[in-house]
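Counting from 25, one number per residue, gives the positions in the sequence shown under the numbering used here. We put the beta carbon where it would ideally sit given N, CA and C, even for glycine.
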Amino acid sequence: MNTTKKTTQFTRLALLAALLVVLGCTPLGFISIPPISITLMHIPVIIGSLMLGATYGGVLGLVFGLVSMLKAATSPNPADLVFSPFASGMPLASLVMCIGPRVILGILPAILNKLLLKVLKKQAINFTISACISTAVHTILVLGCLSLFFKAIPVQEIFMYIIGVNGVLEMVAAGVLATGVCVPLKKNHVI
Numbered sequence: 025m026n027t028t029k030k031t032t033q034f035t036r037l038a039l040l041a042a043l044l045v046v047l048g049c050t051p052l053g054f055i056s057i058p059p060i061s062i063t064l065m066h067i068p069v070i071i072g073s074l075m076l077g078a079t080y081g082g083v084l085g086l087v088f089g090l091v092s093m094l095k096a097a098t099s100p101n102p103a104d105l106v107f108s109p110f111a112s113g114m115p116l117a118s119l120v121m122c123i124g125p126r127v128i129l130g131i132l133p134a135i136l137n138k139l140l141l142k143v144l145k146k147q148a149i150n151f152t153i154s155a156c157i158s159t160a161v162h163t164i165l166v167l168g169c170l171s172l173f174f175k176a177i178p179v180q181e182i183f184m185y186i187i188g189v190n191g192v193l194e195m196v197a198a199g200v201l202a203t204g205v206c207v208p209l210k211k212n213h214v215i
């Protein structure tokens with residue numbers, strides 16, 4: 025990769041990372057439809073992975089995890105405290121739960137997209153499937169960490185609710201928005 029292309033890719037990475045910080049530190053990163061709150065923070069990570077590749081996606085996932093940890097540490101919502109290594113009572117578990125699934129979220133879409141390109145030749149369908157599967161895997165990993173590390177929390181009820189409502193809405197949002205952004209960018213050779 026030449027220097028100009030590296031600089032361009034790094035600039036795109038920085039823009040998406042800055043977007044993650046803005047989404048995480050303001051209400052813009054969440055759609056609140058009581059009693060649920062749907063996050064949009066995973067979408068720039070997925071877009072970055074699909075457009076820039078797995079390595080850059082992993083970096084964006086790390087930024088997502090760190091911003092989530094910061095938000096949890098400063099959030100007035102008691103449910104967020106398990107994501108804060110400063111307040112959960114289990115700092116290592118909180119770090120793993122905040123960062124691990126998010127880094128995987130950043131790597132997975134690029135890998136899925138490459139695999140799907142071998143089977144399906146429709147880029148839009150590949151982007152949609154990659155975004156939806158990655159979102160589902162991310163949700164399952166976060167809830168799996170929650171049940172593994174924080175056994176006192178009634179995860180089964182939370183798990184069913186989040187998978188049934190939040191997870192589906194976040195998958196739809198990821199599929200629609202990631203495809204809506206990635207297809208024109210690829211078509212016009214912007215990325």
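{"Asked": "CB contact flag (phenylalanine 173, methionine 93, <8 Å)", "Found": "no"}
{"Asked": "Close Cβ partners of phenylalanine 110 (< 6 Å) along its chain, the five nearest in sequence each way excluded", "Found": "Ala97"}
{"Asked": "Status (buried if at least 16 other CB within 10 Å, exposed otherwise) for valine 46", "Found": "exposed"}
{"Asked": "Valine 106 vs phenylalanine 88 beta-carbon contact at 8 Å", "Found": "no"}
{"Asked": "Alpha-carbon spacing of threonine 31 relative to threonine 203, whole angstroms", "Found": "25 Å"}
{"Asked": "7 Å Cβ shell around lysine 210 - same chain, five flanking residues per side excluded", "Found": "Gln147"}
{"Asked": "Glycine 124 beta carbon less than 8 Å from that of leucine 165", "Found": "yes"}
{"Asked": "The alpha helix (DSSP H) enclosing threonine 31, as first and last residue numbers", "Found": "27-49"}
{"Asked": "Straight-line gap, threonine 28 to histidine 213 (C-alpha atoms, nearest Å)", "Found": "15 Å"}
{"Asked": "Candidates Thr152, Val207, Leu170, Ile135: closest to alanine 197 by CA position", "Found": "Thr152"}
{"Asked": "Contact set for leucine 144: own chain, Cβ-Cβ below 6 Å, skip 5 residues either direction", "Found": "Asn150"}
{"Asked": "Proximal residues to alanine 134 (C-beta, below 7 Å), its chain only, five neighbours per side dropped", "Found": "Ser73, Leu74, Gly77, Ala78, Gly81"}
{"Asked": "Within the stretch 123-198, ranges of the beta strand (DSSP E) (whole runs, at least 3 residues)", "Found": "none"}
{"Asked": "For phenylalanine 54: DSSP bridge partner residues", "Found": "Thr63"}
{"Asked": "Proximity of leucine 193 and glycine 130 at Cβ, strictly below 8 Å", "Found": "no"}
{"Asked": "Pairwise C-alpha distance: alanine 117 and glutamine 33", "Found": "33 Å"}
{"Asked": "Same chain only: Cβ atoms within 7 Å of cysteine 206, ignoring 5 sequence neighbours per side", "Found": "Ile71, Leu74, Met75, Phe151"}
{"Asked": "N- and C-terminal bounds of the alpha helix (DSSP H) containing phenylalanine 88", "Found": "78-98"}
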